[in-house]
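There are 2 protein chains.
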Amino acid sequence: MTDAAAAQAGARVYVGFRSPYSRLGLHVIARAGEGARVRAIAFTGPPEGMAFADPTANPAKRAYYVQDVARMTRRMGLPLARPDPFDPDYRLANRALAAAAADAKGFAFALAVSDLRWGEGRDISDPAVLARAAQEAGWTGFDAERISRDPEVSARLKAERALIEADGVFGVPFLVDAGEKFWGHDRIELWAEGV
Amino acid sequence: MTDAAAAQAGARVYVGFRSPYSRLGLHVIARAGEGARVRAIAFTGPPEGMAFADPTANPAKRAYYVQDVARMTRRMGLPLARPDPFDPDYRLANRALAAAAADAKGFAFALAVSDLRWGEGRDISDPAVLARAAQEAGWTGFDAERISRDPEVSARLKAERALIEADGVFGVPFLVDAGEKFWGHDRIELWAEGV
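Below is the structure:
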């Protein structure tokens, strides 16, 4: 993926299921009526060689986020639950997102998974939880066994790694549209005002 | 400074003259008509033992900030200039802010210094530039020689370090009001909506 190729890709939003702000960013896009146009891509980590600053590693920052996530989620009128476990294995969910995207259901699936995790506290490493998300997204192609092995899913994730590199994604949610970048659900609100 | 003492201090905003977002945060407060009520405090670094993530150390993040600072500054209708040098010695400016605050001119002085740096690109380690900021802020007490030695200024900065510790300030701008924390000029906009 070259920078020129990235420039020609359509609007895309990188989401981390770990992040409650990714969920809010998806809701901002959905409320703007742009969910069908924006490609949701799993953030599987920053570009090669770039350090990732885990916001929960710093106690003061973590305490701040607890306060801020509650405030911003309430502001959007959404329920909030603490996920249990807090850090499940995200690999199947990420692979499922790539598979859903191939069926043009990526955005809806990402939103449903995010709401199950952050709105209900569900364990999104559980295939049954992902199956429910697929159902809510109207995606009939979810099959945990297939998705965990499918080489096409692996190839898609690899291509998306190249997009992460080209776009220089260092945190989520991160929306790229026509060369302009929007980091954080609050910046995605600016984007939504402009589309 | 205990947490209880911090809880009883009035509204305060931590600003780093290095940060263009600190400048925007000060403008948000000023436009809300709250400048007289909010104490401006120089962010002289994070609490002891807390790592500070320099946003300019990561090339992708730096490129993003160049785009975002221009966008957000334009959005507020403010001029933007690249400071030269980009990283002057901030010590005199920080000491001057503490001295101005003792004369109840801290907020206005912080805003004037920020605008000279980020609106005109001035070198705020230059006493002549700080003298101009003092004049614009209506603060008659600026005297670079005195301020650079005054033990009362040193004592004030030390007390403010204790506030930084108690408030867990990890980045700027950072506003604390009645126990609620607002990090970033965009969150300060939320605070301004609510006051």
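Protein chains in written order, with my numbering: chain U, 76 to 270; chain V, 76 to 270.
Yeah, the Cβ is synthetic: ideal placement off N, Cα and C, and Gly gets one too.
Nothing here was measured: the structure is a model prediction, and the numbers come from that model.
* Asked: Thinking C-beta only, is Leu153/V closer than 9 angstroms to Leu99/V?
  -> On the second sequence, position 24 is the one that residue 99/V refers to. On the second sequence, position 78 is the one that residue 153/V refers to. Yes, the Cβ-Cβ distance between Leu99/V and Leu153/V is below 9 angstroms.
* To do: Closer than 6 angstroms by C-beta to Met76/U: which residues in its own chain qualify, once you throw out the five before and the five after it? Chain order, please.
  => Walking along the first sequence from the start, residue 76/U turns up at place 1. Confidence is the limiting factor: at Met76/U the pLDDT is only 48, short of 50, which leaves the residue's position unreliable, though a coordinate-based value still follows. Closer than 6 angstroms at the Cβ level, and outside the excluded window around Met76/U, lie Ala237, Leu238, Ala241.
* Asked: So which residues of chain V does Ala258/U contact, with C-beta pairs closer than 8 angstroms?
  -> Taking the first sequence and counting its residues from 1, one reaches residue 258/U at position 183. As written in the sequence, residue 258/U is Trp, which differs from the Ala given in the question. Within chain V, the residues near Trp258/U are Tyr139, Asp143.
* Assumed close pair Arg262/V, Gly181/V - CB separation to whole angstroms, cut-off 8 angstroms -> Mapped onto the second sequence, residue 262/V falls at position 187. Mapped onto the second sequence, residue 181/V falls at position 106. In fact, because the Cβ distance is near 21 angstroms, the residues do not count as touching under 8 angstroms.
* Given Ile116/V, which residues of its chain have a CB within under 6 angstroms of its CB, disregarding the five upstream and five downstream residues? -> Start at 1 with the first residue of the second sequence, and residue 116/V comes out as number 41. So the qualifying residues of the chain are Arg87, Tyr89, Glu235.
* What residues from chain U crowd round Pro122/V, counting only those whose CB sits closer than 9 angstroms? -> Within the second sequence, the letter at position 47 stands for residue 122/V. Those within 9 angstroms of Pro122/V in chain U are Ala135.
* Ala174/U versus His260/V - alpha carbon distance -> Sequence index remark: in the first sequence, residue 174/U carries index 99 (1-based). Sequence index remark: in the second sequence, residue 260/V carries index 185 (1-based). Roughly 38 angstroms separates the two Cα atoms.
* CB of Val144/V to nearest heavy atom of the ligand SAM: below 8 angstroms? -> This structure does not include the ligand SAM; it has no bound ligands of any sort.
* Neighbour list for Met125/V in chain U, Cβ cutoff strictly below 7 angstroms -> On the second sequence, residue 125/V is found 50 positions in, with the first residue counted as 1. Correct list: Asn133, Ala135.
* Could you tell me which uninterrupted beta strand (DSSP E) segments, each at least 3 residues in length, are contained entirely in the segment 81–146 of chain V, listed from first to last along the chain? => 87–90, 114–117
* **the segment 187–197 of chain U contacting the segment 155–164 of chain U, beta-carbon criterion three pairs below 8 angstroms** => yes
* Asked: For Pro122/V versus Gly213/V, is the C-beta spacing smaller than 9 angstroms?
  -> Position 47 of the second sequence holds residue 122/V. Position 138 of the second sequence holds residue 213/V. No, the Cβ-Cβ distance between Pro122/V and Gly213/V is not below 9 angstroms.
* Are the CB atoms of Phe257/U and Val251/U nearer to each other than 9 angstroms? -> As a first step, residue 257/U must be located in the first sequence, where it is residue number 182. As a first step, residue 251/U must be located in the first sequence, where it is residue number 176. Yes, the Cβ-Cβ distance between Phe257/U and Val251/U is below 9 angstroms.
* To do: Quick one: give me the first and last residue of the alpha helix (DSSP H) that Trp193/U is part of.
  => For this step, residue 193/U is matched to residue 118 along the first sequence. Trp193/U -> alpha helix (DSSP H) spans 181–195.
* So what's Leu205/V in DSSP terms, helix, strand or just coil? -> Position 130 of the second sequence, counted from the start, is the residue given in the question as residue 205/V. Helix at Leu205/V.
* Secondary structure at Val228/V, three-state DSSP: helix, strand or coil? -> One-based indexing of the second sequence puts residue 228/V at position 153. Helix at Val228/V.
* In three-state DSSP terms, what is Leu250/V? -> Taking the second sequence and counting its residues from 1, the one referred to as residue 250/V is at position 175. In the structure shown, Leu250/V sits in a strand (DSSP, three-state: E or B).
* Asked: Which whole-angstrom value describes the C-beta separation of Gly110/V and Ala208/V, a residue pair presumed to lie in contact below a C-beta threshold of 8 angstroms?
  -> Indexing the second sequence from 1 puts residue 110/V at position 35. Indexing the second sequence from 1 puts residue 208/V at position 133. That pair is no contact at about 15 angstroms.
* To do: Could you list which residues in chain U have their beta carbon closer than 8 angstroms to that of Gly216/V, in chain order?
  => Indexing the second sequence from 1 puts residue 216/V at position 141. Those within 8 angstroms of Gly216/V in chain U number zero; the least Cβ separation is about 33 angstroms.
* **Residue(s) in a DSSP beta bridge with Lys256/V** => The residue you call residue 256/V lines up with position 181 of the second sequence. Note: Lys256/V sits in a beta bridge opposite Val251/V.
* Asked: Just checking my contact of Phe118/U with Gly91/U at CB under 8 angstroms: how many whole Å lie between their CB atoms?
  -> As a working mapping, residue 118/U is identified with position 43 in the first sequence. As a working mapping, residue 91/U is identified with position 16 in the first sequence. Right, the Cβ-Cβ distance comes to about 4 angstroms (below 8 angstroms), so this counts as a contact.
* Name, please, each residue of chain V whose Cβ falls closer than 9 angstroms to the Cβ of Gly196/U. => The residue you call residue 196/U lines up with position 121 of the first sequence. Those do not exist, as Gly196/U stays about 24 angstroms from chain V at its closest Cβ, beyond 9 angstroms.
* **N- and C-terminal bounds of the alpha helix (DSSP H) containing Ala176/U** => As a working note, residue 176/U is residue 101 in the first sequence. It spans 166–177 - the alpha helix (DSSP H) in which Ala176/U sits, taken as one unbroken run.
* Please decide whether Phe118/V counts as near chain U, where near means a Cβ-Cβ distance under 9 angstroms. => Position 43 of the second sequence holds residue 118/V. Cβ-Cβ to chain U under 9 angstroms: no for Phe118/V.
* Whole-Å CB distance - Asp143/U paired with Asp198/U, under 8 angstroms assumed -> Counting from one through the first sequence, the residue named residue 143/U turns up at place 68. Counting from one through the first sequence, the residue named residue 198/U turns up at place 123. About 24 angstroms; that fails the 8 angstroms criterion.
* Output, in sequence order along the chain, the residues in the segment 228–246 of chain U whose CB is closer than 9 angstroms to any CB in chain V. => Asp242, Gly243, Val244, Phe245, Gly246
* Hey, out of Glu268/U, Arg170/U, Phe217/U, whose CA is closest to Gly231/U's CA? -> Locating residue 231/U in the first sequence gives position 156, counting from the first residue. Here the sequence assigns Arg to residue 231/U, which means Gly is not the residue at that position. Per the Cα distances, Arg170/U.
* **Neighbour flag for Asp261/V against chain U, beta carbons, 9 angstroms** => Along the second sequence, read from residue 1 onward, the residue named residue 261/V stands at position 186. Taking Cβ atoms only, chain U reaches closer than 9 angstroms to Asp261/V, which makes this a yes.
* Expressed to the nearest angstrom, what Euclidean distance is found between the alpha-carbon atoms of Ala145/U and Pro248/V? -> The residue labelled residue 145/U in the question sits at position 70 within the first sequence. The residue labelled residue 248/V in the question sits at position 173 within the second sequence. Roughly 20 angstroms separates the two Cα atoms.
* To do: Would you please verify whether the beta carbon of Ala128/U is less than 9 angstroms from any beta carbon of chain V?
  => The residue you call residue 128/U lines up with position 53 of the first sequence. So yes, Ala128/U belongs to the interface.
* Asked: Within this structure, are the beta carbons of Arg112/U and Gly85/U separated by less than 9 angstroms?
  -> Here residue 112/U corresponds to residue number 37 of the first sequence, with the count starting at 1. Here residue 85/U corresponds to residue number 10 of the first sequence, with the count starting at 1. Result yes, Cβ atoms of Arg112/U and Gly85/U sit closer than 9 angstroms.
* Asked: Expressed to the nearest angstrom, what Euclidean distance is found between the alpha-carbon atoms of Ala138/V and Thr131/V?
  -> In the second sequence, residue 138/V corresponds to position 63, counting from 1. In the second sequence, residue 131/V corresponds to position 56, counting from 1. About 9 angstroms.
* To do: Using a Cβ-Cβ cut-off of 9 angstroms, state whether Thr150/U counts as contacting chain V.
  => Sequence index remark: in the first sequence, residue 150/U carries index 75 (1-based). Correcting the residue identity first, residue 150/U is Arg in this sequence and not Thr. True, the Cβ-Cβ gap to chain V drops below 9 angstroms.
* To do: Buried or exposed for Ala253/V, please, with buried defined as at least 16 other CB atoms from any protein chain shown within 10 angstroms of its CB.
  => Taking the first residue of the second sequence as position 1, residue 253/V is located at position 178. So Ala253/V ends up on the exposed side.
* Under 9 angstroms, do Pro163/U and Ser189/U count as touching if we go by C-beta distance? -> For the purposes of this step, residue 163/U is taken as residue 88 along the first sequence, with counting starting at 1. For the purposes of this step, residue 189/U is taken as residue 114 along the first sequence, with counting starting at 1. Against a cut-off of 9 angstroms, the Cβ pair of Ser189/U and Pro163/U comes out as no contact.
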